[in-house]
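Chemist: If you read the sequences in order, they're chains E and V.
Everything in the first sequence is counted per UniProt numbering, starting at 1 for the first residue and increasing by one.
Everything in the second sequence is counted per UniProt numbering, starting at 1 for the first residue and increasing by one.
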Amino acid sequence: MSSPRLTALDALHRALGATMTDFAGWDMPLRYGSEREEHLAVRTKAGLFDLSHMGEITVSGPQAGELLDHALVGFISALGVLRARYTMICAEDGGILDDLIVYRTAEDEYMVVANASNAQVVLDALTARAEGFDAVVRDDRDAYALIAVQGPEANGILASVTDADLPGLKYYALLPATVAGKQVWLARTGYTGEDGFEIFSAPADAEHLWNALTEAGQGAGLVPCGLSCRDTLRLEAGMPLYGHELNTELTPFDAGLGRVVRFDKTTNGGAFVGRKALEQAAAEAETNPPRVLVGLVSEGRRVPRAEYAVVDAEGAPIGRITSGAPSPTLGKPIAIAYVDAAHATPGGTVAVDVRGKHEPVQVVALPFYKRAR
Amino acid sequence: MSNPQHLQFSKEHEWLTAAEGGVSTIGITAHAADALGDIVYVQLPEVGDTVTAGETCGELESTKSVSDLYSPATGEVVEVNQAVIDEPALVNSAPFEGGWLFKVRLDGEPADLLSADEYTALTGG
């Protein structure tokens, strides 16, 4: 087992007293103090995250857009310059290899951001799928640190350290910007359900940026946040996490995310990796959906957790939890689960087998939390 | 948070007080509470139950995980802390005081326990 990789902010995390955890081969901050307090800070004020484990891959060249249209399920070449899109990369059989955000950084250049656990798989797949295209796939994992500022105060905090046009920076858009004197890619994206920004910088500039943002956020209630609250924030926002809601056994249609698959692409004659299998999956989801991804809310205090069985009134298994946690915002345990379509209607009551005891839970539509705009 | 000198400690990260009238108070250490993270659910033995040293007698659930609660002593449970059942965060905020878990009428002298200094050494200071 090789030693874990450290981000450019590692010394800072330790100085802040973070509890560290191994995450996809990286030593990452799990929490600095109470994960509940960190969660609530992001919902009500702002939080600062080190996300440098995320895997950046740059795709450039005259046919970069066509390559991504071929390699991913989205219609990437239709994306405007300086816009971003949530998409997926699938295997030939339609199984999800990873979910991604693609940023179009120039007319002929895109930055693909993969989950840390899948970055190598995505890099290898893109490299293999690039054959025959006039485009270059570059591993930029070590070229960027990634800091996120998330929460209702994020805009004000950032505005105090940059002259960038924040009012003009829309959700899922990005800008080349100067933040605290450093040249960065500034994106209005996130994984928390709040307004916020993700800042891609040179690793050497990360500490300066972190400190400048910390100082700028002092009066606004900004706190450093670990991966523990990132998970509960995304769970409340109903956002899938690879390895939990998404995996190679599932297609985007199984996960209720068929909208990311763009059969209407016009590039490459409409062909893309996985198309045939995904067309079948789409038809099946339409006529005979197997299981459906739903939200569950418990009135009890025990937490339905990943891998626990969902059962019906007779105790027969009807599904499986993929993620679960106590929700700081709702004050109740919540979970996401795949359940048989017959039991997927919001408002219904099912139960979760919590270590042998059947706890009643209510089926709800996702997300659990949506911010007021 | 330092480990109070007047307590004894188990390797499973519980503490217990010296017996008063044959009854000891039991809780989990600050080290354990910190490792678990925010505790959201506490399941304790019931009054009248018999607990056995080194065996599980309940569970502690935090944001991220569920952990078994081990009893550091053998005996009959004579009181449980309703305050931590109602407000599990007390275990995080005051593990050695208001976050105590239950009281046991000891059946014999508890064995294999550590002093505060030994426990501090065990948990890396």
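Note that CB positions come from ideal geometry on N, CA and C, so glycine has one too.
Computed from a predicted model, the values in this text were never measured in an experiment.
Residues of chain V with CB closer than 9 Å to the CB of residue 232 of chain E, please, in chain order.
Modeler: Looking up residue 232 of chain E in the first sequence gives position 232. Those are 63, listed as they occur along chain V.
Chemist: Should residue 265 of chain E go down as buried or exposed, given a rule of 16 or more other Cβ atoms within 10 Å for buried?
Modeler: Taking the first sequence and counting its residues from 1, the one referred to as residue 265 of chain E is at position 265. Its Cβ being crowded by 16 or more others within 10 Å, residue 265 of chain E is buried.
Chemist: For residue 85 of chain E versus residue 37 of chain V, is the C-beta distance shorter than 8 Å?
Modeler: Residue 85 of chain E sits at position 85 when you count from the first residue of the first sequence. Residue 37 of chain V sits at position 37 when you count from the first residue of the second sequence. No. Outside cutoff.
Chemist: Run through DSSP, which three-state label would residue 245 of chain E get?
Modeler: Along the first sequence, one-based indexing puts residue 245 of chain E at 245. In the structure shown, residue 245 of chain E sits in coil (DSSP, three-state: anything other than H, G, I, E or B).
Chemist: Would you say residue 87 of chain V and residue 303 of chain E are within 8 Å of each other, going by their C-beta atoms?
Modeler: The residue you call residue 87 of chain V lines up with position 87 of the second sequence. The residue you call residue 303 of chain E lines up with position 303 of the first sequence. No; because the gap between Cβ atoms is not below 8 Å, this pair is not in contact.
Chemist: Among E:27, E:21, E:168 and E:41, which one has its Cα closest to the Cα of residue 192 of chain E?
Modeler: Translated into the one-based positions of the first sequence, residue 192 of chain E becomes position 192. Comparing Cα positions, the closest option is E:41.
Chemist: Could you check what DSSP says for residue 181 of chain E in three-state terms: helix, strand or coil?
Modeler: Looking up residue 181 of chain E in the first sequence gives position 181. Three-state result, residue 181 of chain E: coil.
Chemist: Is the number of C-beta pairs between the region 101-111 of chain E and the region 14-34 of chain E that are closer than 8 Å three or more?
Modeler: No, because fewer than three Cβ pairs between the region 101-111 of chain E and the region 14-34 of chain E fall closer than 8 Å, the two stretches do not touch.
Chemist: Does the separation of the CB atoms of residue 57 of chain E and residue 72 of chain E fall below 8 Å?
Modeler: In the first sequence, residue 57 of chain E corresponds to position 57, counting from 1. In the first sequence, residue 72 of chain E corresponds to position 72, counting from 1. No, the pair does not count as a contact, with Cβ atoms beyond the cut-off.
Chemist: What residues in the region 20-38 of chain E have a beta carbon less than 7 Å from any beta carbon of chain V?
Modeler: Here the close residues are 31, 34, 35 and 36.
Chemist: How about residue 196 of chain E and residue 159 of chain E: do their beta carbons lie closer than 8 Å?
Modeler: For this step, residue 196 of chain E is matched to residue 196 along the first sequence. For this step, residue 159 of chain E is matched to residue 159 along the first sequence. No, these two residues do not count as a Cβ contact at 8 Å.
Chemist: So what does DSSP say about residue 70 of chain V, is it helix, strand or coil?
Modeler: On the second sequence, residue 70 of chain V is found 70 positions in, with the first residue counted as 1. Reduced to three states, the DSSP call for residue 70 of chain V is strand.
Chemist: To which residues of the same chain is residue 115 of chain E closer than 6 Å at the C-beta, ignoring the five residues directly before and after it?
Modeler: In the first sequence, the residue the question calls residue 115 of chain E occupies position 115. 98 and 242.
Chemist: So residue 326 of chain E is in the beta strand (DSSP E); what residue range does that whole segment cover?
Modeler: Counted from its first residue, the first sequence places residue 326 of chain E at position 326. Note, residue 326 of chain E: beta strand (DSSP E), 317-327.
Chemist: From residue 236 of chain E to residue 287 of chain E, what does the alpha carbon distance come to, in whole angstroms?
Modeler: By one-based count along the first sequence, residue 236 of chain E stands at place 236. By one-based count along the first sequence, residue 287 of chain E stands at place 287. Looking at the two C-alpha atoms, the distance is approximately 29 Å.
Chemist: Output the distance between the C-alpha atoms of residue 212 of chain E and residue 52 of chain E, rounded to the nearest integer angstrom.
Modeler: Locating residue 212 of chain E in the first sequence gives position 212, counting from the first residue. Locating residue 52 of chain E in the first sequence gives position 52, counting from the first residue. If you take the alpha carbons of residue 212 of chain E and residue 52 of chain E, they lie about 17 Å apart.
Chemist: Short of 7 Å Cβ to Cβ, which residues in the UniProt domain "Aminomethyltransferase C-terminal" (291-370) of chain E face chain V?
Modeler: Within the UniProt domain "Aminomethyltransferase C-terminal" (291-370) of chain E, the qualifying residues are 301, 302, 303, 325 and 326.
Chemist: To the nearest angstrom, report how far apart residue 238 of chain E and residue 367 of chain E are at their CA atoms.
Modeler: Counted from its first residue, the first sequence places residue 238 of chain E at position 238. Counted from its first residue, the first sequence places residue 367 of chain E at position 367. Roughly 4 Å separates the two Cα atoms.
Chemist: Please list the residues of the region 199-218 of chain E that have a C-beta atom closer than 8 Å to any C-beta atom in chain V, keeping them in chain order.
Modeler: The residues in question: there are none.
Chemist: If we cut at 8 Å on Cβ distances, does residue 228 of chain E have a partner in chain V?
Modeler: As a position in the first sequence, residue 228 of chain E is number 228, starting the count at 1. Yes, residue 228 of chain E counts as interfacial toward chain V.
Chemist: Beta-carbon of residue 37 of chain V versus every beta-carbon of chain E: anything under 8 Å?
Modeler: As a first step, residue 37 of chain V is located in the second sequence; it is residue number 37 there, counting from the start. It does: the Cβ of residue 37 of chain V has a partner Cβ on chain E nearer than 8 Å.
Chemist: Less than 8 Å between CB atoms is the rule here; does residue 70 of chain V satisfy it with respect to chain E?
Modeler: In the second sequence, the residue the question calls residue 70 of chain V occupies position 70. So no, residue 70 of chain V is outside the interface.
Chemist: Tell me, please, whether the CB atom of residue 80 of chain V is closer than 8 Å to any CB atom in chain E?
Modeler: On the second sequence, position 80 is the one that residue 80 of chain V refers to. No, because no Cβ of chain E sits closer than 8 Å to the Cβ of residue 80 of chain V.
Chemist: In terms of residues, what are the limits of the alpha helix (DSSP H) holding residue 233 of chain E?
Modeler: Numbered from 1 along the first sequence, position 233 holds the residue referred to as residue 233 of chain E. First-last of the alpha helix (DSSP H) with residue 233 of chain E: 227-236.
Chemist: Checking 8 Å against the spacing of the C-beta atoms, do residue 121 of chain V and residue 9 of chain V come in under that value?
Modeler: On the second sequence, position 121 is the one that residue 121 of chain V refers to. On the second sequence, position 9 is the one that residue 9 of chain V refers to. Not a contact, by the Cβ cut-off of 8 Å.
Chemist: Nearest-angstrom Cα distance between residue 198 of chain E and residue 138 of chain E?
Modeler: Taking the first sequence and counting its residues from 1, the one referred to as residue 198 of chain E is at position 198. Taking the first sequence and counting its residues from 1, the one referred to as residue 138 of chain E is at position 138. Approximately 21 Å, taken between the alpha carbons.
Chemist: What's the gap between the Cα of residue 57 of chain V and the Cα of residue 249 of chain E?
Modeler: Here residue 57 of chain V refers to the residue found at position 57 of the second sequence. Here residue 249 of chain E refers to the residue found at position 249 of the first sequence. When rounded, the distance between both Cα atoms is 39 Å.
Chemist: Look up residue 173 of chain E in the DSSP assignment and give the residues it is bridged to.
Modeler: As a position in the first sequence, residue 173 of chain E is number 173, starting the count at 1. DSSP output for residue 173 of chain E lists E:83 as bridge partner(s).
Chemist: Out of E:320, E:245, E:341 and E:259, which has the shortest C-alpha to C-alpha gap to residue 290 of chain E?
Modeler: The count along the first sequence starts at 1 and reaches residue 290 of chain E at position 290. Looking at the Cα atoms, E:341 is the closest of the given residues.
Chemist: Is the separation between the beta-carbon of residue 59 of chain V and that of residue 43 of chain V shorter than 8 Å?
Modeler: Here residue 59 of chain V corresponds to residue number 59 of the second sequence, with the count starting at 1. Here residue 43 of chain V corresponds to residue number 43 of the second sequence, with the count starting at 1. Closer than 8 Å, so yes.
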